[in-house]
Structure formats: C-alpha cells, structure tokens
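To keep things clear, I will list the structure first and then write my remarks on it.
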C-alpha cells in the first residue's frame with residue numbers, strides 16, 4: 217500500500233507589512249529575497265540534521281516533475297518558495313513533523 221504524501225504550506229506573510237513599509241523597489245526585492253533565503257536555509261539545515269539531504273529536492277526553480285510522487289526514496293520536495301510562502305511535499309506527515317521540529321534523528 218502506497219503511503220499518502222503530505223503537502224505543507226509555510227506562511228510568513230505577516231512580515232510583508234514590514235517589507236512593504238518602503239516604496240523603494242530595491243529594498244522590497246532585497247527583503248523578499250532575504251525571507252526566501254531564510255526559508256530555504258531552514259529547510260536545508262533540517263534535512264541535513266535529519267540525515268535525509270540525499271533524499272530531498274530543495275531546488276524548485278527548474279523542477280518540472282513531482283519526483284516525490286514517483287520515487288519512493290524522495291522524502292522532501294520543495295514545490296515553491298516566494299511571496300512569503302513555501303509549499304513543500306513530504307513523503308509522510310511524520311517526516312514533515314521531523315523537519316518542522318528538527319528534534320528527531322533519522323534512522
């Protein structure tokens with residue numbers, strides 16, 4: 217029996233009022249890029265800590281396929297990060313909780 221996948225949306229849009237407090241395009245773009253980088257770095261740190269880096273697809277810009285649906289080795293796949301949101305698909309709810317909490321060891 218195939219295990220159901222788990223789609224998570226992380227939302228940090230609350231920071232947008234801070235980012236958009238200026239009307240300077242360069243500052244807005246820079247702040248948005250910083251938020252995107254923080255999300256990417258946090259996910260990468262978690263999969264490294266959990267020793268599942270080789271079973272994660274964290275780069276989403278050039279990904280065309282949902283590899284996680286056809287390759288059972290893939291445990292985490294980033295679908296999109298931008299605009300204060302991140303969409304990440306996990307092989308299971310348990311893996312999502314492990315990445316989110318980053319307090320378990322991967323066996």
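In my numbering, the protein residues as written are 217 to 323. For every residue, glycine included, the Cβ atom is placed at its ideal position computed from N, Cα and C.
Is it the case that the Cβ atoms of residue 222 and residue 308 are separated by a distance below 8 Å? For the purposes of this step, residue 222 is identified with residue 6 of the chain shown, where counting begins at 1. For the purposes of this step, residue 308 is identified with residue 92 of the chain shown, where counting begins at 1. A contact, by the Cβ cut-off of 8 Å.
Under three-state DSSP, which class holds residue 321? As a working note, residue 321 is residue 105 in the chain shown. Because residue 321 carries a pLDDT of 37, less than 50, the predicted location of this residue cannot be relied on, and the following value inherits that uncertainty. DSSP places residue 321 in coil when its eight states are reduced to three.
Out of curiosity, what's the CA-to-CA distance linking residue 254 and residue 260? Taking the chain shown and counting its residues from 1, the one referred to as residue 254 is at position 38. Taking the chain shown and counting its residues from 1, the one referred to as residue 260 is at position 44. Taking the straight line from one Cα to the other gives about 10 Å.
So what does residue 314 bridge to, in DSSP terms? Position 98 of the chain shown holds residue 314. Paired residues: none, contrary to the question.
Using the Cβ count rule (16 or more neighbours within 10 Å means buried), how would you classify residue 220? In the chain shown, residue 220 corresponds to position 4, counting from 1. So residue 220 ends up on the exposed side.
Counted within 10 angstroms of its Cβ, other Cβ atoms place residue 281 as buried (16 or more) or exposed: As a first step, residue 281 must be located in the chain shown, where it is residue number 65. Exposed: under 16 other Cβ atoms inside 10 Å.
Please report the straight-line C-alpha distance between residue 305 and residue 224, rounded to a whole angstrom. Your numbering for residue 305 matches position 89 in the chain shown. Your numbering for residue 224 matches position 8 in the chain shown. Distance between the alpha carbons of residue 305 and residue 224 is about 6 Å.
Rounded separation between residue 311 and residue 251 - CA only: Position 95 of the chain shown, counted from the first residue, corresponds to residue 311. Position 35 of the chain shown, counted from the first residue, corresponds to residue 251. In a straight line, the C-alpha of residue 311 is about 23 Å away from that of residue 251.
Alpha-carbon spacing of residue 265 relative to residue 258, whole angstroms: For the purposes of this step, residue 265 is taken as the residue at position 49 of the chain shown. For the purposes of this step, residue 258 is taken as the residue at position 42 of the chain shown. So the alpha carbons of these two residues sit roughly 10 Å apart.
Do residue 297 and residue 276 count as a contact pair if the criterion is CB distance below 8 Å? Within the chain shown, numbered from 1, the residue matching residue 276 stands at position 60. Within the chain shown, numbered from 1, the residue matching residue 297 stands at position 81. Cβ atoms of residue 276 and residue 297: closer than 8 Å.
Through-space distance from residue 316 to residue 302, alpha-carbon basis: If you number the chain shown from 1, residue 302 lands on position 86. If you number the chain shown from 1, residue 316 lands on position 100. Near 13 Å, if we compare the C-alpha coordinates of residue 316 and residue 302.
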